[in-house]
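Have a look at the structure below, then the notes.
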Amino acid sequence: MGRASHTLTFSCRNRPGIVAAIAQALFELGANITEAQQFDDTESERFFMRVVFNQVSGKEPEGLDTALEALADKFGMTWSLRDNRHRTRVLLLVSRFDHCLVDLLYRWRVGELEIDPVGIVSNHPVDAHAGIDFGDIPFHYLPVTKSGKEESEARLLSIVDETKADLVVLARYMQILSNETALKLSGRCINIHHSFLPGFKGARPYHQAFARGVKLIGATAHFVTSDLDEGPIIEQDVERISHSDTPEDLIRKGRDIERQVLARAVRCFVEQRVIINERKTIVFVS
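Numbering (UniProt numbering), first residue to last: 1 to 286.
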């Protein structure tokens with residue numbers, strides 16, 4: 001199983017002594033800090049920290065939860081502790097465009113992303129993804145209609161529960177989740193979408209961008225909330241476009257950016273580098 005290693009993330013109202021208290025508590029438990037990052041948000045007056053540590057003896061640190069609960073009470077912390085030997089269980093949602101799905105599966109297969117895909121959900125039948133080898137990953141076809149949307153989302157939430165998914169990824173899943181479903185998946189559902197200035201919504205956004213002569217295209221990965229495409233942003237990127245680029249060039253380049261941005265966002269979540277700070281995120285980059 002390897003050496004016991006954990007990642008602790010927490011936030012609390014800023015005050016002196018927080019870092020010292022964390023370090024002292026871990027020292028007394030016989031733990032060795034291997035990585036530490038912190039941020040003092042002067043706007044909200046909150047303190048954020050990510051600490052990676054392992055046990056010098058190689059054994060589980062006894063009394064760890066008790067010590068952290070005592071610190072949480074003292075400083076009013078909201079905290080999360082992850083055993084780094086636990087692989088994040090991910091449920092992947094996709095529609096017809098599957099470039100992001102294929103990219104995540106590739107990164108998983110070569111060991112670049114330490115995730116366990118526990119299922120693939122699509123509003124298109126498996127034949128629409130005939131070129132993809134899903135292996136032993138269960139595939140769930142959930143057609144979405146106006147009259148059956150509530151039933152479809154209920155089944156989706158059942159799959160999340162049945163698979164014990166830690167994270168739900170909308171890998172170009174072209175369906176809008178209801179407010180109720182977004183709330184139930186709060187903090188553990190990531191979406192990817194194109195980013196343009198001005199914002200082109202609706203059908204054929206890259207063709208709209210071409211018609212307006214955009215100079216930059218991009219992509220944004222964010223947590224899903226009831227506010228459509230306005231959840232806390234995790235990762236973004238852009239690419240410059242020239243006058244010689246066709247709509248097909250924009251689509252090709254856009255897909256490349258979407259793949260990269262979504263993969264980086266998933267990695268940040270898996271490595272517990274993201275902490276939600278109201279409508280924003282704190283992202284401790286590696």
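For glycine and all other residues, C-beta sits at the position ideal for the given N, C-alpha and C. Only a predicted model underlies this, so the values are computations on that prediction, with no experimental measurement involved.
- [ ] Measure from the alpha carbon of Val-266 to the alpha carbon of each residue in His-222, Ile-159, Ser-226 and Leu-228, then state which is nearest.
- [x] Taking the first residue of the sequence shown as 1, we reach residue 266 at position 266. It is His-222.
Open item on the list: Just to confirm my understanding: we take Met-1, look at its own chain, exclude 5 residues before and 5 after, and list those with CB closer than 8 Å. What are they?
Closed with: Sequence index remark: in the sequence shown, residue 1 carries index 1 (1-based). In this predicted model, Met-1 has a pLDDT of only 42, less than 50, meaning its place in the structure is not dependable; the value taken from the coordinates is given anyway. The answer, listed in chain order, is Arg-85.
- [ ] Under 8 Å Cβ to Cβ from Ile-132, same chain only, skipping five residues before and after it: list those, please.
- [x] Taking the sequence shown and counting its residues from 1, one reaches residue 132 at position 132. Cβ within range, chain order: Asp-98, Leu-101, Val-102 and Leu-105.
Task: Among Leu-185, Ile-192 and Pro-138, nearest to Met-174 - alpha-carbon criterion - done: Counting from one through the sequence shown, the residue named residue 174 turns up at place 174. Per the Cα distances, Ile-192.
Task: Inter-residue spacing [alpha-carbon to alpha-carbon] between Phe-53 and Thr-34 - done: As a first step, residue 53 is located in the sequence shown; it is residue number 53 there, counting from the start. As a first step, residue 34 is located in the sequence shown; it is residue number 34 there, counting from the start. Cα to Cα, the separation comes out at about 5 Å.
Task: Distance, Cys-268 Cα to Ala-36 Cα - done: Taking the first residue of the sequence shown as position 1, residue 36 is located at position 36. Taking the first residue of the sequence shown as position 1, residue 268 is located at position 268. In a straight line, the C-alpha of Ala-36 is about 15 Å away from that of Cys-268.
- [ ] Measure the CB-CB distance between Ser-11 and Phe-48 and report whether it falls below 8 Å.
- [x] As a first step, residue 11 is located in the sequence shown; it is residue number 11 there, counting from the start. As a first step, residue 48 is located in the sequence shown; it is residue number 48 there, counting from the start. Closer than 8 Å, so yes.
Open item on the list: Checking the sheet assignment: what are the DSSP bridge partners for Asn-191?
Closed with: Within the sequence shown, the letter at position 191 stands for residue 191. DSSP, once it has assigned bridges, lists Leu-170 and His-222 as partnering Asn-191.
- [ ] State yes or no: is the C-beta of Phe-284 within less than 8 Å of the C-beta of Arg-50?
- [x] Here residue 284 corresponds to residue number 284 of the sequence shown, with the count starting at 1. Here residue 50 corresponds to residue number 50 of the sequence shown, with the count starting at 1. It is a contact, given that the beta carbons lie within the stated cut-off.
- [ ] Within the same chain, show all residues whose beta-carbon is closer than 8 Å to that of Phe-113, passing over the 5 residues directly before and after it, in chain order.
- [x] As a first step, residue 113 must be located in the sequence shown, where it is residue number 113. In the sequence on display, residue 113 carries Leu and not Phe. Result list for Leu-113: Leu-104, Arg-107, Ala-263, Val-266, Arg-267 and Val-270, in chain order.
Open item on the list: Assess contact between the stretch 209-224 and the stretch 248-262, defined as three or more Cβ pairs (one per stretch) separated by less than 8 Å. Is contact present?
Closed with: yes
Open item on the list: Under 8 Å: do the stretch 178-190 and the stretch 236-244 share three or more Cβ pairs, one atom per stretch?
Closed with: no
Task: 8 Å Cβ cutoff met for Val-144 and Ile-115 - done: Counting from 1 along the sequence shown, the entry for residue 144 is found at position 144. Counting from 1 along the sequence shown, the entry for residue 115 is found at position 115. Result no, Cβ atoms of Val-144 and Ile-115 do not sit closer than 8 Å.
- [ ] Taking Trp-188 and Lys-215 to be in contact with their CB atoms under 8 Å, please state how far apart those CB atoms are, rounded to whole angstroms.
- [x] To locate residue 188, count along the sequence shown from 1; it is residue 188. To locate residue 215, count along the sequence shown from 1; it is residue 215. For the record, residue 188 in the displayed sequence is Arg; it is not Trp. No, Arg-188 and Lys-215 are not in contact; Cβ-Cβ is about 35 Å, not under 8 Å.
TODO: Check the C-beta distance from Phe-139 over to Ile-159 and give it rounded, since I have them as a contact under 8 Å.
DONE: Against the sequence shown, residue 139 aligns to sequence position 139. Against the sequence shown, residue 159 aligns to sequence position 159. In fact, because the Cβ distance is near 11 Å, the residues do not count as touching under 8 Å.
Task: Which of helix, strand or coil DSSP assigns to Phe-39 - done: Position 39 of the sequence shown, counted from the first residue, corresponds to residue 39. Note: Phe-39 maps to strand in three-state DSSP.
Task: Option nearest Ala-31 by Cα separation, candidates Leu-8, Ser-44, Arg-13 and Gln-55 - done: In the sequence shown, residue 31 corresponds to position 31, counting from 1. Measuring from the Cα of Ala-31, the nearest candidate turns out to be Gln-55.
Open item on the list: Considering Cα atoms alone, identify which of His-6, Ser-122 and Pro-16 is closest to Leu-93.
Closed with: Reading the sequence shown from its first residue, position 93 is the one you call residue 93. The option with the nearest alpha carbon to Leu-93 is Ser-122.
Task: Start and end residues, alpha helix (DSSP H) containing Gly-254 - done: Translated into the one-based positions of the sequence shown, residue 254 becomes position 254. 247-270 is the extent of the alpha helix (DSSP H) around Gly-254.
- [ ] Answer with buried or exposed for Asp-166, where buried requires no fewer than 16 other C-beta atoms within 10 angstroms of its C-beta.
- [x] Position 166 of the sequence shown, counted from the start, is the residue given in the question as residue 166. It counts as buried.
TODO: Whole angstroms is fine: what's the gap from Ser-95's alpha carbon to Thr-7's?
DONE: Here residue 95 corresponds to residue number 95 of the sequence shown, with the count starting at 1. Here residue 7 corresponds to residue number 7 of the sequence shown, with the count starting at 1. Cα-Cα distance, rounded: 34 Å.
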